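Numbered continuously in our numbering, the sequence shown closes out at residue 1693.
C-beta atoms are modelled at their ideal positions from N, C-alpha and C, and glycine is treated no differently.
Predicted, not measured: the structure shown is a model, and the values here were computed from it.
These notes are about the structure you will find just below.
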Amino acid sequence: MTQEDPEPRRESRLGPSYLTRWIAWDVWAVLIACVLTILAGIRFDIVEKFYIFTRDHDDWELDEFALVFVTLSVGGLLLSLRRYLQVRAEFRRRAEAESHLEYLATNDSLTGLANRRAFMKRLGACLDPADTTDYAVVMIDLDRFKPVNDLYGHDIGDRLLQQVSERMQAQLKPQDFLARLGGDEFAAILSDASGDEELDRVVTRLLRTIAERIEIGRIVCNIDASAGIAFVHPQTNLSVSQILKQADMALYSAKERGRGRHVYFDEEMNEKATLRLALEADLGEAIRTGQVQPHYQPLIRFSDNAVEGYEILARWDHPDMGMVPPDRFIPIAEDSGLINELTFTLFRKVCEEAQTWPKGLFVSLNISPVQLRTENIVEDLLAILAEFGLPAGFLEVEITENAVIHDVEEAAIVLNRMAEAGIRLALDDFGTGYSSLHHLRQLPFSKLKIDKSFIIGMEDSPESRKIIRSVLSLSNSLGLSCTAEGVETESTAEWLKEAGCGLGQGYYFGRPSRQLLSFDADGAPLLDLSDVKHAPAQDEADTALPKPKRRASNE
């Protein structure tokens, strides 16, 4: 450094004048007095000279004056020492507070892992053009964490997150970076991610260690996790937010495919995400303008081919994309908060059309897990029925197994209120979830619906037929009726009839349609089954991805 450019002075982070602000002027005066007193004690002649100077103005003797002066000095010294200790303690407190704030700025207070801010900064550093390392960004989300948190409380949920964090950290290398982004969502930056096999092993190991049994006191928690993976290559043109978006889309795809697995990002996910955003933007308007309409699929009694009721299925006729399958827009409605508006709009339309139907029919309406937690769901359904003069028994509510198992106690409260009001209750997709006999006894279901995955192809599957017979036996022993979904052939219908199944539903009896089946003069349905014995697979019309700018036929 030259004289013209001196080295800048480093100041305390507490400020250059902090000490002078905290030590008041009277304390400085006492300190000066103490210094003078100490000097006076060493050189007593100073005090004597002071006494000679003041003797004409005071009657004190020298020893009396010295005693008072020393007493005041000792008191001032003690006061100064006390003030010094206070200032020092304040310095320490402020320093610790600043240090804690700096820690919280980059670390998660619950788990001690890096937080979202630190993760974004670290990921940004990985994008340095000078860095030639391949990285993988892994987004991890815990499955079934919310039921644990809701059932046992936030304290158990917090301790579970702490254990999961420790387990994941133990599986990573020192050069890897793990962060908690918030809630039950974590993210990791894995270095040297050029080998897919090694990356598969690392991520699989992470998910397996999360899925291991977790004991918190006397409580045993069993959860798992899903992961989405995106890559950061040298000289990439992507931003931090774009990389996170890719990993998040891969995570969403992993959950769609059944959870408890990891999925790599590909460009097809980007196209699906773009389509999803377009559908989300249009869905609200579609509900309000009548683009989403109820279609009816008959529920047929095996014993005499009579129609007992219809399941309500939502169909969206998009002006540009044609018929959008429900598995595309129902999740969007749930995520965007439109599911109640969609359900009540469709149900009101059904009740309006039911004014001209034959007497004695009922409709079956699917209620999502999100709606089970909606306040006043029972009152809203009953109000629509009352608006059109329909009894509560006109409505059957279908609930999936997984919707119930997430929170059995809460579901029991809502379902008992429905049953007490006279609404029928059916357990949908039975055999595909995690319900137990205890739950069947605890909840007021009157019907089980055997999932179509057991029905389709049952002729060639002895295991499926055994499962179906077991479900039919179980439903009979519990006093429940039973409906078989996915009935597509005459032979399947005949076997189910002989096995004692009550109702059937599927393309063999009729596809979902805006119109009901035709009836004769006595009100019996006119079933023409001759041309539907070889109907295409049940999923064919309902799961195809809609093509933009092309109108599909309405089946």
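Counterpart residues of residue i in DSSP-defined beta bridges
i: SER1584; result: According to DSSP, which records beta bridges pairwise, SER1584 is partnered with nothing at all.
i: CYS1620; result: LEU1586
i: CYS1359; result: ILE1352
i: LEU1694; result: The chain is shown from 1139 up to 1693; residue 1694 falls before or after that span and cannot be answered.
i: SER1329; result: TYR1273
i: ALA1530; result: According to DSSP, ALA1530 bridges with nothing at all.
i: SER1391; result: Answer is none; SER1391 lacks a bridge partner.
i: VAL1501; result: TYR1448 and LEU1533
i: VAL1430; result: TRP1454
i: GLU1323; result: ASP1279 and GLY1320
i: PHE1568; result: ILE1588
Three-state secondary structure assigned by DSSP to residue i
i: HIS1292; result: helix
i: ALA1268; result: coil
i: GLN1435; result: strand
i: ASP1404; result: coil
i: GLU1626; result: coil
i: GLU1513; result: coil
i: PRO1507; result: helix
i: LEU1578; result: helix
i: GLY1460; result: strand
i: VAL1275; result: strand
i: ASP1386; result: helix
i: PRO1496; result: coil
i: LEU1239; result: helix
i: SER1651; result: strand
i: LEU1523; result: helix
i: LEU1280; result: strand
i: PHE1191; result: Note that PHE1191 scores 47 on pLDDT, short of 50, meaning its location in the model is unreliable; the coordinates nonetheless yield the value given after this. Looking at PHE1191 - three-state DSSP - the assignment turns out to be helix.
i: LEU1641; result: strand
i: PHE1440; result: coil
i: LEU1376; result: coil
i: ASN1253; result: coil
i: PRO1312; result: coil
Span of the alpha helix (DSSP H), counted from its first residue to its last, around residue i
i: ARG1453; result: First-last for ARG1453: 1444-1456, but that is the beta strand (DSSP E), not the alpha helix (DSSP H).
i: ARG1115; result: The chain is shown from 1139 up to 1693; residue 1115 falls before or after that span and cannot be answered.
i: ASP1082; result: Any property of residue 1082 remains undetermined from this structure, which presents the chain solely from 1139 to 1693.
i: SER1599; result: Unbroken run through SER1599: none, as it is neither H nor E.
i: LEU1248; result: Note, LEU1248: premise wrong, no alpha helix (DSSP H); not H, not E.
i: LEU1484; result: 1477-1491
Distance CB(residue i)-CB(residue j) smaller than 8 Å
i: VAL1508; j: ARG1555; result: no
i: ALA1622; j: ILE1593; result: yes
i: ALA1564; j: SER1608; result: no
i: LEU1510; j: ALA1541; result: yes
i: ILE1367; j: ALA1263; result: no
i: HIS1371; j: ASP1272; result: yes
i: LEU1437; j: CYS1359; result: no
i: PHE1482; j: LEU1533; result: no
i: GLY1123; j: ARG1562; result: Since the displayed the chain opens at 1139 and closes at 1693, residue 1123 lies outside it and no answer follows.
i: VAL1430; j: TRP1454; result: yes
i: ALA1308; j: ILE1278; result: no
i: SER1364; j: ALA1331; result: no
i: ALA1349; j: ASP1334; result: no
i: LYS1587; j: GLU1536; result: yes
i: ARG1318; j: LEU1239; result: no
i: ILE1477; j: SER1506; result: yes
i: PRO1582; j: LEU1553; result: yes
i: ILE1327; j: ARG1260; result: yes
i: ALA1480; j: ILE1425; result: Reading the sequence as shown, one finds Leu at residue 1480 and not Ala. Against a cut-off of 8 Å, the Cβ pair of ILE1425 and LEU1480 comes out as a contact.
i: LEU1612; j: CYS1639; result: no
Residue i: first and last residue of the uninterrupted beta strand (DSSP E) it sits in
i: THR1538; result: 1533-1538
i: ALA1363; result: 1362-1370
i: ARG1399; result: Counting along the chain, ARG1399 falls outside any beta strand (DSSP E), and DSSP gives it neither H nor E.
i: PHE1315; result: 1315-1320
Contact with chain B by residue i, beta-carbon distance below 8 Å
i: GLY1366; result: Within the model displayed, chain B is absent; a lone protein chain is all it includes.
Inset, instruction - Answer yes if the segment 1395-1404 comes into contact with the segment 1311-1318, meaning at least three C-beta pairs across the two stretches below 8 Å, and no otherwise. - result: no
Legend entry - Three or more C-beta pairs below 8 Å linking the segment 1406-1425 and the segment 1440-1449: no
Inset, instruction - For the segment 1272-1290 and the segment 1235-1253, state whether three or more C-beta atom pairs, one from each stretch, are separated by less than 8 Å. - result: no
Inset, instruction - Please determine if the segment 1293-1308 and the segment 1369-1388 are in contact, where contact requires at least 3 C-beta pairs separated by less than 8 Å. - result: no
Inset, instruction - Take every Cβ of the segment 1625-1639, pair it with every Cβ of the segment 1450-1469, and state whether three or more of those distances are shorter than 8 Å. - result: no
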